[in-house]
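Engineer:
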Amino acid sequence: MKEVLASEIKQIVQELFGSKAKIVLTRPESKFGDFSTNVAMQLGRAPAENAAKIIEKLKRLDEVAEATIAGPGFINITLTDATLQSVISEVLDKKEAYGSNKIYDGKTIVAEYSDPNPFKVLHAGHLYTTLTGDVIANLLETAGANVKLVNFGGDVGLHVGTTMWAIIQELGGEHPEKLADIKTENRMQWVSEQYVKGTKAFEGNEAAKDEIRDINKRVYALHDTNDHESPFAQIYWTCRQWSYDGFNELYRSLRVAPFDKYYPESETTELGVETVQEGLKRGVFENSDGAVVLKGESAGLHTRVFITSEGLPTYETKDLGLALTKWQDYRFDLSIMITGNDIVEYMKVVQLALKSFQPEICERSKHITHGMLKLAGGIKMSSRKGNALLASDVLESAEKASKAHSNNDQQGTVLAAVKYAFLKQRIGGDIIYDPEESVSIAGNSGPYLQYAHARAMSILLKKPTPQVDYKLDVSERQLVRKISELPEVVEAAVNELMPHLVCTYLYELAQEFNSFYEANRVIGEPREDMRLTLINAYVTVLKNGLKLLGISAPDHM
RNA sequence: GUACCCGUAGCUCAGCUGGAUAGAGCGUUGGCUUGCGGAGCCAAAGGUCGUAGGUUCGAAUCCUGUCGGGUACACCA
């Protein structure tokens, strides 16, 4: 609808003024009309005269009911009811009213997010990126892409040495058989606790520090020799698997799409190291104090270590290996990585290194970064587990808050609350998460949208829904106008990879419906058939929108 | 110190390809139920868009300075 109108205006402007000005159509307040454009003001002097000429032609278009000039030279356009109304049947026929603009049709896109580390706790940030990544993947699929979901995590590195050290302490030596004593449901938790214990020892105890460093080397060595037999290796592989089991369990409970592939760091290290060594010969990297570094200063960046003076690869090298591995595996058109914004500068250095080997990867990469997740009111964190906010802290706080408003699908409501609370905010800044607000049915929340859906469904479930085509009345028109915005909203969300645009829209849509609902009866009214059709379209759009966000749309609550 | 990000209503946030009277939720105050789910709706009060300049017919939006907050800057990830 929008595109058609835009191209028609473009043609008019070209005929009248010979200008190839880009036509930007916006949605003004409803009192001004359905669309608004400022082209007349872009055409130089006398915007009013320009506008008048354009309006004259605009009025002759079939879709346009009214066109007026307003303010400093805006052209406000009101569509005919017939045109506007066509979205109802479009929505109902397609059942997937996401618009037809498949900008990624046939493209392969690799989306990397979540990225939890085995042998470590899941932080609130992991929760955030998991949920956001899932929605971004949905958006890309909507736009026609073949999306591959991948997950990167550190199964080697100092944190692993730290946890392994504490595990061995806990087991009283390298006794893998003792792991059997730990109950299945406690495994993930237990490993996380060992990490915290090890970290404390590393920070406060020189002897432990040396032992941890030594164990760290043994973990790398175990991969080099493909050791699955030694007691040490058995402990390692068992606990690593426990971590992955725990991650998958979390993803299941969050009802997000499963990952296509895990890339453990141990599997990207070799290629990373080879690449760094080749780069060292070519002068991309240099030796400095026994370490291999990339000096980024000439590019406005900073120096980072790729191989330590102990000869161990750092995260930088593994990330380099990861990028190359993803490229080998998928030959993607686009690679998206979602991480915290504390590593933007770091990532630039890795990209700088990458540029010397596979520049096309850099050209096709997009790094999306988000802020920190905090609990509103500075609610205390699980200090015994370290000083970071954990994924479980967030989920537990939401569950606790939701108990005040219990209903049928408690878990579904909690998920809706958390997901929506995260997603409604533009990606990038810090997020202050307020559990109470998120589960509240009042206000801009996931449960509000679910309720808005259930409420409308309760009407539809009482009557069979015909599909009719009456003339719209004033309040019906308001609702149809909002429904008609869906394709352009989804398009914008896809183009900019901003899920919050969908949230904002759905909230406005639900408000529009609730407002309509309050003022108009449906069942038993002369306009019953028309209104049932309209509500059916509304419910379809709301449900599809929520699905895009990974949020369920229950018929009852 | 250098670089990047962020400063919009009491609080949490939209708005940022420059455009009409800067919007929403929460909170506050006041209304609406012989009604399809009132877990709703309607309304009011509340803002020098951190600040000072610049560009422009027009700036919350672009540019520069400045203040405040956050993050990153060599062997952690």
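Be aware that the first sequence starts at -16, since it is given in the numbering used here, and climbs by one per residue. Heads up, the beta-carbon is just placed ideally off N, CA and C, and yes, glycines get one too.
1) Can you tell me whether DSSP reads residue 269 as helix, strand or coil?
2) Sorted by chain position, which residues of the same chain lie with C-beta nearer than 6 Å to residue 85's C-beta, five sequence neighbours on each side aside?
3) Three or more C-beta pairs closer than 8 Å, one from the segment 336 to 349 and one from the segment 153 to 172: is that the case here?
4) If you follow the alpha helix (DSSP H) that residue 520 is in, where does it begin and where does it stop?
5) Please work out which residues of its chain come closer than 6 Å, Cβ to Cβ, to residue 245, disregarding the five sequence neighbours upstream and downstream, and give them in chain order.
6) Tell me whether residue 177 is buried or exposed, calling it buried when 16 or more other Cβ atoms sit within 10 Å of its Cβ.
7) For residue 95, which beta-bridge partners are listed by DSSP?
8) Rounded C-beta distance between residue 295 and residue 251? I'm assuming under 8 Å.
9) Taking 7 Å as the limit between beta carbons, can you name the residues of its chain near residue 518, skipping five residues before and five after?
10) Out of 492, 405, -3, which one is the CA nearest neighbour of residue 527?
11) Where residue 186 and residue 522 are concerned, what is the direct C-alpha to C-alpha distance, given to the nearest angstrom?
12) Measure the alpha-carbon distance for residue 219 versus residue 298 and round it to whole angstroms.
13) Nearest to residue 27 by alpha carbon, out of 47, 4, 43?
14) Which value, in whole angstroms, describes the spacing of the CA atoms of residue 467 and residue 461?
15) With a 10 Å radius around its C-beta and 16 neighbouring C-beta atoms as the bar for buried, classify residue 287 as buried or exposed.
16) According to DSSP, simplified to helix, strand and coil, what is residue 84?
17) Nearest by alpha-carbon distance to residue 423: which of 404, 457, 329, 313 is it?
18) Alpha carbons only, please: which of 199, 15, 66 is nearest the one belonging to residue 51?
19) So what does DSSP say about residue 436, is it helix, strand or coil?
20) Where DSSP assigns a beta bridge to residue 285, which residues make up the other side?
21) In chain order, what residues of the same chain have a beta carbon less than 6 Å from the beta carbon of residue 330, not counting five sequence neighbours either side?
22) May I have a chain-ordered list of the beta strand (DSSP E) segments no shorter than 3 residues that lie completely inside the segment 114 to 193?
23) With a threshold of 6 Å on Cβ separation, who are the neighbours of residue 334 within its own chain once the five nearest residues in sequence on each side are excluded?
24) Fully enclosed by the segment 446 to 478, which alpha helix (DSSP H) runs are 4 residues long or longer?
25) In chain order, what residues of the same chain have a beta carbon less than 8 Å from the beta carbon of residue 1, not counting five sequence neighbours either side?
26) In or out: residue 447 buried (at least 16 other Cβ within 10 Å) or exposed?
27) Per the DSSP calculation, residue 50 is bridged to which residue(s)?
28) Taking Cβ positions, are residue 47 and residue 373 nearer each other than 8 Å?
29) From residue 143 to residue 394, what does the alpha carbon distance come to, in whole angstroms?
30) According to DSSP, is residue 69 part of a helix, a strand, or is it coil?
Structural biologist: In this structure, then:
1) strand
2) 126, 127
3) no
4) 511 to 531
5) 134
6) buried
7) 133, 320
8) No, residue 295 and residue 251 are not in contact; Cβ-Cβ is about 14 Å, not under 8 Å.
9) 439, 442, 443, 505
10) 492
11) 56 Å
12) 20 Å
13) 4
14) 10 Å
15) buried
16) coil
17) 404
18) 15
19) helix
20) Answer by DSSP bridge pairing: none, since residue 285 is not bridged.
21) 350
22) 129 to 136
23) 345
24) 457 to 466
25) none
26) exposed
27) 60
28) no
29) 33 Å
30) helix
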